[in-house]
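Input: a single structure, listed below in structure tokens.
Residue numbers (my numbering): 3 to 280.
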């Protein structure tokens, strides 16, 4: 079998498959992590099927596809769309990779523990060097773990939504390696900057979030064919939010230096990866 294309849902794919069946082209609909794959059973039909797929994408509501569904569909075929809650969960999981989801759930668990009476021991173990008595350089994890700490609902919701959306795009499109590098570098270097500017009492994934913002911004401009670009309106919003952080307009305690440091990390890695990725 030869893949001729992918569509976001099984119902649309079946309409095309029914039409091709009427053209004596046998195809299969194969579930995938995101949508479905349409594959031609016999290789010699691949060119014809590919051309029809391209026409279908341009005009999926053409009457000929609707008619084909009436004429050629298998009445025994059942479309299982699932419960809405299950669909939402599936979309959440398929929209991100293992690393994106792991960081999402770790931050959520840490925040839950913070609000269930374990704030002191969690902060004592995860905060930056010097934030609590007895913390020293031998506790090497402290250079990164403040990234996992969040101190308000708005703080964690903002960070995790952007992390899931952008981190998931990077991991699904480019693999785990570039996202892991962003997480590691933007989760450590900006923390050092923030410490030297304002001291050890800070936390949050914001530096990493701004790193993935910067990365997707540059990759979207330099390598748009990779499909991880960010709309200009989103970029504008994030930069405006960054500026607001320095004004204290909303009365929030924001690790501004970590955010700027993260943005710089993402921009630099984006420039590097845009030059070397195929």
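Just so you know, even glycine gets a beta-carbon here, dropped at the ideal spot from N, CA and C. All values reported here derive from a predicted model rather than from experimental measurement.
Please classify residue i as buried or exposed, where buried requires at least 16 neighbouring CB atoms within 10 angstroms.
{"i": "residue 53", "result": "exposed"}
{"i": "residue 159", "result": "exposed"}
{"i": "residue 44", "result": "exposed"}
{"i": "residue 108", "result": "exposed"}
{"i": "residue 148", "result": "buried"}
{"i": "residue 188", "result": "buried"}
{"i": "residue 161", "result": "buried"}
{"i": "residue 154", "result": "exposed"}
{"i": "residue 173", "result": "buried"}
Given a cut-off of 7 angstroms on the beta-carbon distance, is the pair residue i and residue j in contact?
{"i": "residue 297", "j": "residue 269", "result": "Coverage of the chain is limited to positions 3 through 280, which leaves residue 297 absent and any answer about it impossible."}
{"i": "residue 175", "j": "residue 228", "result": "yes"}
{"i": "residue 342", "j": "residue 14", "result": "With the chain represented from 3 up to 280, any question about residue 342 goes unanswered, as that position is not in the structure."}
{"i": "residue 199", "j": "residue 264", "result": "no"}
{"i": "residue 267", "j": "residue 179", "result": "no"}
{"i": "residue 116", "j": "residue 124", "result": "yes"}
{"i": "residue 202", "j": "residue 133", "result": "yes"}
{"i": "residue 232", "j": "residue 218", "result": "yes"}
{"i": "residue 169", "j": "residue 110", "result": "no"}
{"i": "residue 118", "j": "residue 58", "result": "no"}
{"i": "residue 38", "j": "residue 9", "result": "yes"}
Please return the same chain residues whose Cβ sits closer than 8 angstroms to the Cβ of residue i, not counting the five positions on each side in sequence.
{"i": "residue 94", "result": "166"}
{"i": "residue 86", "result": "At residue 86 the pLDDT is 48, less than 50, meaning the model places this residue with poor confidence and gives no usable figure here."}
Below 6 angstroms CB to CB, which residues in the same chain sit around residue i once its five sequence neighbours on both sides are set aside?
{"i": "residue 47", "result": "27"}
{"i": "residue 77", "result": "Because the pLDDT of residue 77 is 45, which lies under 50, any placement of that residue in the model is unreliable, and the number read from its coordinates should be weighed accordingly. Answer for residue 77: no residue qualifies."}
{"i": "residue 7", "result": "40, 55"}
For residue i, which residues from the same chain have a beta carbon less than 7 angstroms from its beta carbon, with the 5 sequence-adjacent residues on both sides left out?
{"i": "residue 196", "result": "204, 257, 259, 260"}
{"i": "residue 150", "result": "108, 109, 112, 128"}
{"i": "residue 282", "result": "The requested residue 282 is not part of the displayed model; the chain covers only 3 to 280."}
{"i": "residue 220", "result": "269, 272, 273, 276"}
Have a look at residue i and residue j and give me their C-alpha separation to the nearest angstrom.
{"i": "residue 106", "j": "residue 152", "result": "12 angstroms"}
{"i": "residue 127", "j": "residue 135", "result": "11 angstroms"}
{"i": "residue 81", "j": "residue 190", "result": "Confidence at residue 81 is low in this model, with a pLDDT of 47, below 50, so its placement is unreliable and the value that follows should be read with caution. Whole-angstrom Cα-Cα distance: 47 angstroms."}
{"i": "residue 140", "j": "residue 185", "result": "22 angstroms"}
{"i": "residue 235", "j": "residue 224", "result": "18 angstroms"}
{"i": "residue 274", "j": "residue 244", "result": "24 angstroms"}
{"i": "residue 182", "j": "residue 271", "result": "12 angstroms"}
{"i": "residue 99", "j": "residue 164", "result": "14 angstroms"}
{"i": "residue 64", "j": "residue 238", "result": "38 angstroms"}
{"i": "residue 70", "j": "residue 12", "result": "16 angstroms"}
{"i": "residue 207", "j": "residue 67", "result": "47 angstroms"}
{"i": "residue 20", "j": "residue 49", "result": "17 angstroms"}
{"i": "residue 294", "j": "residue 230", "result": "Since the first residue shown for the chain is 3 and the last is 280, residue 294 is missing from the structure and cannot be characterised."}
{"i": "residue 97", "j": "residue 142", "result": "32 angstroms"}
Ranges of the alpha helix (DSSP H) found wholly within the region 194-273, counting only runs of at least 4: 208-224, 234-249
Segments of 4+ residues assigned as alpha helix (DSSP H) that fall wholly inside the region 8-39: 12-24
Contiguous alpha helix (DSSP H) assignments of at least 4 residues, all confined to the region 96-174: 100-115, 121-128, 155-164
Residue ranges of each beta strand (DSSP E) within the region 37-68, 3 or longer: Fully enclosed beta strand (DSSP E) runs of 3 or longer: 38-42.
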